[in-house]
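A.B. asks:
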Amino acid sequence: PAMGARAVECFVVCGLPASPVTVDGVAGFVGAGESYRPEVLSSYPPRARPRGAGADGFEPATTDDDRRWRPPWPPHLALCAMPLGVDVHVASDPPRDALAPTSYPVVLTDGDGAPVYCACLAFLAPVPSGTRAAVPALRSACARMCVVLVSRAPIIDVLQNALDAVVGRCAFGTQPRSDDPPIGIIGAALVDGLNVASSSTRRAIGGPIDPGARPGSAAPTRVVP
Numbered sequence: 001p002a003m004g005a006r007a008v009e010c011f012v013v014c015g016l017p018a019s020p021v022t023v024d025g026v027a028g029f030v031g032a033g034e035s036y037r038p039e040v041l042s043s044y045p046p047r048a049r050p051r052g053a054g055a056d057g058f059e060p061a062t063t064d065d066d067r068r069w070r071p072p073w074p075p076h077l078a079l080c081a082m083p084l085g086v087d088v089h090v091a092s093d094p095p096r097d098a099l100a101p102t103s104y105p106v107v108l109t110d111g112d113g114a115p116v117y118c119a120c121l122a123f124l125a126p127v128p129s130g131t132r133a134a135v136p137a138l139r140s141a142c143a144r145m146c147v148v149l150v151s152r153a154p155i156i157d158v159l160q161n162a163l164d165a166v167v168g169r170c171a172f173g174t175q176p177r178s179d180d181p182p183i184g185i186i187g188a189a190l191v192d193g194l195n196v197a198s199s200s201t202r203r204a205i206g207g208p209i210d211p212g213a214r215p216g217s218a219a220p221t222r223v224v225p
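Here it is as C-alpha cells:
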C-alpha cells in the first residue's frame, strides 16, 4: 500500500549565528553569561535560494522564485523556539542546571493564519563551527542549540515522542564527540522516515544509525498520529 504523507515537513536547527546580537540589541559577542538572539542555522531538506537571488544584491526575478525559496516555517520560528535567547557558557564549566536537554511543543501560525506544529529540543552544545571561525573568542565556549521538527499535521505528541527518542540515542554535552550520530543525520532520518497514517514513532531511529549516512537515504517508517 502507498505510504502516507510526510509527518515532518522539515527539521530546523536554531542557535547562535556567526554575527551574534544580544537579546538587548547589542551587536557582537560581549561575553559568556549573556543571552543572544537565535537564528536558523540549518535545515533539512535544505532550501536553496534561486540562482542569482540575493547573492549579488539582486532580488528574485519573479514571485514564483521567491515563493519557492521561502522556507516552510514561519520567519519567527527561531525566536519562538528559543524565547529566552541563546545562553553562552565556558565549555569547561557550564552551569549544572543548564546541562539537561529540554523538550517542549510550540504551535505557531504562518502568514495565512494556518497552524504550524513544532516540537523543540534544546540543549547545550559546542558553538557551531561557522560561528567559532567568525568569533575566535567563542572557540572554547558552548551555547544552547534547539532542534525543531516542523509539521502541518496536528501530531504534536508524535513529534515529541520522536524527539524523546533522540534524547535516548545521543549523549549531549559541551565537548565535541566523534562516536555519536550527528544530529543532522538523525533529523534527516526523522523527516524522511516518519509518515502520517502508520504504526510506530520510534522505529525511524530505533535501529542502528550510520554516522556517515547521506541525508535522504532513510527508509520511510509509517506512524500513527
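Taken in order, the sequence shown gives residues 1 to 225; the numbers are from UniProt numbering. Built from N, CA and C at the ideal position, the CB exists for glycine as well.
(1) Just to confirm, is the Cβ distance from H76 to L108 under 8 angstroms?
(2) Which of helix, strand or coil does DSSP assign to D87?
(3) Mind the definition here: the region 126–143 touches the region 183–195 only if three or more C-beta pairs lie below 8 angstroms; say whether that holds.
(4) Take S43 as the anchor and find which of P95, T131 and C14 has the nearest alpha-carbon.
(5) Hey, V150 and V8 are a contact pair by Cβ (cut 8 angstroms); roughly how many whole angstroms apart?
(6) When you compare the CB positions of V135 and P45, do they come within less than 8 angstroms of one another, or not?
(7) Which word fits G25, buried or exposed, when buried means at least 16 other C-beta atoms lie within 10 angstroms of its C-beta?
(8) On the DSSP bridge list, what partners appear for P126?
(9) Is the region 31–38 touching the region 96–113 in the sense that three or more CB pairs, one from each, lie closer than 8 angstroms?
(10) Given L99, which residues of its chain have a CB within under 7 angstroms of its CB, disregarding the five upstream and five downstream residues?
(11) By alpha-carbon positions, which one of V40, D164 and D192 ends up nearest to L79?
(12) If you count every other CB in all the chains shown that lies within 10 Å of the CB of R144, and 16 or more means buried, which is it?
(13) Taking all protein chains shown into account, do 16 or more other C-beta atoms lie within 10 angstroms of the C-beta of D87, making it buried, or fewer, making it exposed?
(14) Where does A136 sit, in a helix, a strand or coil, going by DSSP?
C.D. replies: In short, the structure shows the following:
(1) Yes, Cβ-Cβ distance for H76 and L108 is below 8 angstroms.
(2) In the three-state scheme derived from DSSP, where H, G and I count as helix and E and B as strand, D87 is classed as strand.
(3) The region 126–143 and the region 183–195 do not touch, with fewer than 3 CB-CB distances between them shorter than 8 angstroms.
(4) For the residues P95, T131 and C14, the minimum Cα distance to S43 belongs to C14.
(5) Sure, about 7 angstroms apart at Cβ, within 8 angstroms.
(6) With contacts defined by Cβ atoms closer than 8 angstroms, V135 and P45 do not form a contacting pair.
(7) Counting Cβ neighbours within 10 Å, G25 comes out exposed, since fewer than 16 surround it.
(8) Paired residue(s): C142.
(9) When C-beta atoms of the region 96–113 are compared with those of the region 31–38, fewer than three pairs fall below 8 angstroms, so the two segments do not count as touching.
(10) These residues qualify, in order along the chain: L124.
(11) Taking only the C-alpha atoms, the option nearest L79 is V40.
(12) The Cβ neighbour count for R144, taken over all protein chains shown within 10 Å, is at least 16; the residue is labelled buried.
(13) Buried, by the Cβ-count rule.
(14) As written in the sequence, residue 136 is Pro, which differs from the Ala given in the question. For P136, the three-state secondary structure derived from DSSP is helix.
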